[in-house]
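Here's the structure we're looking at; comments come further down.
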Ligand SMILES: C[S@@+](CC[C@H](N)C(=O)[O-])C[C@H]1O[C@@H](n2cnc3c(N)ncnc32)[C@H](O)[C@@H]1O
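Residue numbers (our numbering): 139 to 388.
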């Protein structure tokens, strides 16, 4: 509790006003990641291995951008920092603990940007969302990693749309997911997409209690690798149930 309060205050001090409301959700992720460390380890290793595999054949390694860098758990930041001239981490919030760790490790070529990558405000004003268009301005861009952010854009924006009683939240949400996936595949550089695509909540006997798509109805891209991520092992959602997400790497 005290650690969380320190983390909140230290993060708020270095986070622009408009992004401060998202600190709580980053702290939630931080707490969950700590509690579920063991259950998430294989997923994180799979993500690292896929990013490693993506950069291995790359001859030119100037700038790499990570979208949804969060706590840097599923991103091999040490290897990226070593392999590229510059690494840019983009997220709504970069927790103080992440900032301090980067400084202690002397990853001096790593830059942090707070940015809303959803495209929600464009979509709500009737424009075609182009949430990744800012990447066109990044010089010497050789790699973009979308690091388990796509489904979270859907989750976060659904909350906003539900609060505002929007008439067609599902239409907007699928537009945002499509904009991220299309924006990524249109980039003139190497890309790696990591995302959970659906989830299943089961009881301890394996009976499915709930399941749903996490890409808001957008067809799932053809995956190079796939695995299960026990996002909420037994105890996290309740003692009698667990949630497993299916993750793809493209
Ligand atoms: C499941 S976490 C990804 C974990 C992260 N890749 C890691 O290695 O720890 C999803 C991340 O997406 C970020 N996120 C969610 N919606 C976002 C948005 N609209 N714009 C930017 N980042 C967003 C969250 O803040 C969170 O850090």
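All residues carry an ideal CB built from backbone N, CA and C; glycine is no exception.
Item	Value
Residue closest to residue 258, alpha-carbon to alpha-carbon, out of 291, 383 and 329	291
Backbone CA spacing between residue 211 and residue 182 [nearest angstrom]	6 Å
Backbone CA spacing between residue 233 and residue 306 [nearest angstrom]	33 Å
N-terminal and C-terminal residue of the alpha helix (DSSP H) that residue 147 is part of	140-152
Between the CA atoms of residue 214 and residue 390 - distance to the nearest angstrom	In the structure displayed, the chain extends from 139 to 388; residue 390 sits before or after that span and is not available.
4 or more residues per run - each alpha helix (DSSP H) lying fully within the region 215-256	215-221 and 234-242
Pick from 304, 277 and 331 that is closest to residue 263, judged by C-alpha positions	304
Residue 229 CB to nearest heavy atom of ligand 1 below 6 Å	yes
Neighbourhood of residue 247 by C-beta, 8 Å cutoff - its chain only, sequence neighbours within 5 removed	219, 222, 223, 224 and 225
Assigned exposure category for residue 347 - 16 Cβ within 10 Å defines buried	exposed
Endpoints, alpha helix (DSSP H) assigned at residue 304	No alpha helix (DSSP H) holds residue 304; DSSP gives it neither H nor E.
Test item: CB-CB of residue 335 and residue 358 under 7 Å	yes
Three-state secondary structure assigned by DSSP to residue 371	coil
Sub-7 Å separation of residue 204 and residue 230 beta-carbons	no
Proximity to residue 309 [Cα-Cα], best of 326, 353, 148 and 155	353
Cutoff 7 Å: residue 271 Cβ touching any chain C Cβ	In the displayed structure, chain C is absent; only one protein chain is listed.
Exposed unless 16 or more other CB atoms sit within 10 angstroms - verdict on residue 282	buried
Exposure of residue 320, with buried meaning 16 or more beta-carbon neighbours within 10 Å	exposed
Whole-number beta carbon distance between residue 189 and residue 330, since they are thought to touch under 8 Å	6 Å
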